[in-house]
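Encoded as structure tokens, the structure appears first; notes follow it.
2 protein chains.
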Amino acid sequence: MSLDPIRHVISLLARLPGIGEKSATRIAFALLSNPKEYAHSLSDAVTQLVERIRCCSICCNLTEVDPCRFCEDPERDHGLICVVEQVPDLLAIERTREYRGVYHVLHGALAPLDGITPDKLRIQELLRRLQPESASEHQDGQEPTPKRQVREIILATNPTLEGEATALYLRKLLGTLDFQVTRIASGVPMGGDLEYIDRATLARALKARQVI
Amino acid sequence: MSLDPIRHVISLLARLPGIGEKSATRIAFALLSNPKEYAHSLSDAVTQLVERIRCCSICCNLTEVDPCRFCEDPERDHGLICVVEQVPDLLAIERTREYRGVYHVLHGALAPLDGITPDKLRIQELLRRLQPESASEHQDGQEPTPKRQVREIILATNPTLEGEATALYLRKLLGTLDFQVTRIASGVPMGGDLEYIDRATLARALKARQVI
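Respectively, the protein sequence lines represent chains A and B. Once you know that position 142 of the first sequence is 142 in the working numbering, the rest is easy, because the numbers rise by one and skip nothing. Once you know that position 194 of the second sequence is 406 in the working numbering, the rest is easy, because the numbers rise by one and skip nothing.
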């Protein structure tokens, strides 16, 4: 490899989200000024990450064990599925400690102009788990347990253009099936000040007002 | 290793400059959503970086070959040494295409409160190369070439508290030796607007005014 190792690492780092040429340069020199062991652990951790983490075959969460800890957890309500765009969204919902159902990770949101069409998202995987009478389960000769019978799908995609489009698309797609489809509430964030909330959010909060 | 690979890589990334917990999380998931090959090249590039890059034995620049390309270049003026804090400062000076001398990288600036005392910087290495009559060269039986005879040291540490302190310290230390010690000019940056320049910079620009 004739490429200068410093330039090489900078060009690779600069491809990461939120890291430009300048931060990449700063990171490269930080790697050189720290003890070598740190760079070696980082290098090893990055390899381990992509080698050991895969998609859960049920909910498409990123996981080391398949099925993932949510899908395997008998304590959770498998009749309630929360659909999110990305794994960090799932982690954010977990942090609320309010949700005891399971998840489905789409790995994106619809953005046809960027080439993200429904087939690019994990929608087929969602449909498959919503049909307990599917051929594969019949072949296993197993009856679906009542717990696996889905009662409600919560669409928790982001309240952005893409997230809303995805939620609408899924609602249409799932509308014919035999369970409730809900959408997380949008409105004024807790602790927010009406004066500084954007117009669209405030309009939504007004429209979705509830009797107290 | 029982640690979750995602958490592990996040905790390591979060130690890098300019990267907090949130950016580290974002990067970890970006590594997982890109093709595996990217993570492998990054991992390899980080290892190569720390294994192949070392300090130049003359100027302490970070380099793959020792001495570095500046110290080896016969076209450069080895009588002129520009002292910088870090390698990116050296690269910034190179980008001006105005400087044809050589460098000395201190790898930091004095900050006694943070434990960065003169012995933590590459000052001994600087003094050693400034004394052509040093014992080691006598043992080699080589006369110092006239080109290596240093005429001027340019102190190009940053115009910050630490950088100024370092420049002052070096001026005192080098003042007894037989060559000129200069400091890069501070003042209003080119293209800057006086209205928005901070007071200290403007004061310095006035004080250092020159006849035109």
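Ideal Cβ placement from N, Cα and C applies to all residues, glycine included.
The beta strand (DSSP E) runs of length 3 or more contained entirely in the region 143-206 of chain A are, from start to end of the chain, 152-155, 180-183.
The Cβ-Cβ distance between Phe241 (chain B) and Pro88 (chain A) falls below 9 Å. Beta-bridge pairing by DSSP links His40 (chain A) to no other residue.
At the C-beta level, His316 (chain B) and Glu337 (chain B) come within 9 Å of one another.
Non-local beta-carbon contacts of Thr329 (chain B) in its own chain, meaning distances under 8 Å to residues more than five positions away in sequence, involve Leu322 in chain order. Closer than 9 Å to the CB of Ile53 (chain A) there is at least one CB belonging to chain B. Listed in chain order, the alpha helix (DSSP H) elements of length 4 or more contained wholly in the region 78-119 of chain A are 87-95.
CA-CA distance, Gly232 (chain B) to Leu42 (chain A), rounds to 15 Å.
Chain order gives no chain B residues near Pro189 (chain A), where near means a beta carbon separation below 9 Å; the closest approach is about 17 Å.
Flagged as an interface residue toward chain A: Glu276 (chain B), by a C-beta distance shorter than 9 Å. Chain B places no beta carbon closer than 9 Å to that of Val181 (chain A), leaving this residue out of the contacts. By the C-beta criterion, the region 411-420 of chain B is judged not to be in contact with the region 385-393 of chain B, since fewer than 3 inter-stretch pairs fall below 8 Å. The beta carbons of Thr47 (chain A) and His252 (chain B) sit about 6 Å from each other, so the pair counts as a contact at 8 Å. Nearest in C-alpha terms to Ala420 (chain B), of all of B:Leu406, B:Gly399, B:Leu228, B:Gly404, is B:Gly399. By a beta-carbon distance limit of 8 Å, Asp77 (chain A) contacts Arg100 (chain A). Their separation comes to about 5 Å.
Nearest C-alpha to Val314 (chain B) among B:Pro324, B:Arg307, B:Leu302, B:Thr308: B:Leu302. Straight through space, the alpha carbons of Val277 (chain B) and Thr166 (chain A) are spaced by roughly 54 Å. Around His316 (chain B), no beta-carbon contact reaches into chain A at under 7 Å, the shortest distance being about 17 Å. Straight-line spacing of the CA atoms in Asp119 (chain A) and Leu173 (chain A) works out to 13 Å. As a beta-bridge residue in DSSP terms, Leu62 (chain A) pairs with A:Cys55.
Its chain contains Ser186 as the residues whose beta carbon lies nearer than 6 Å to that of Pro159 (chain A), once the 5 sequence neighbours on both sides are disregarded; these appear in chain order. Annotation for Ile270 (chain B): Pro279, Cys283, Arg341 place their beta carbon closer than 7 Å to its own, counting only its chain and skipping 5 residues before and after.
Taking 8 Å as the upper bound on Cβ-Cβ separation, chain B lies near no residue of the region 108-119 of chain A. In the displayed model, Glu72 (chain A) falls within a helix according to three-state DSSP.
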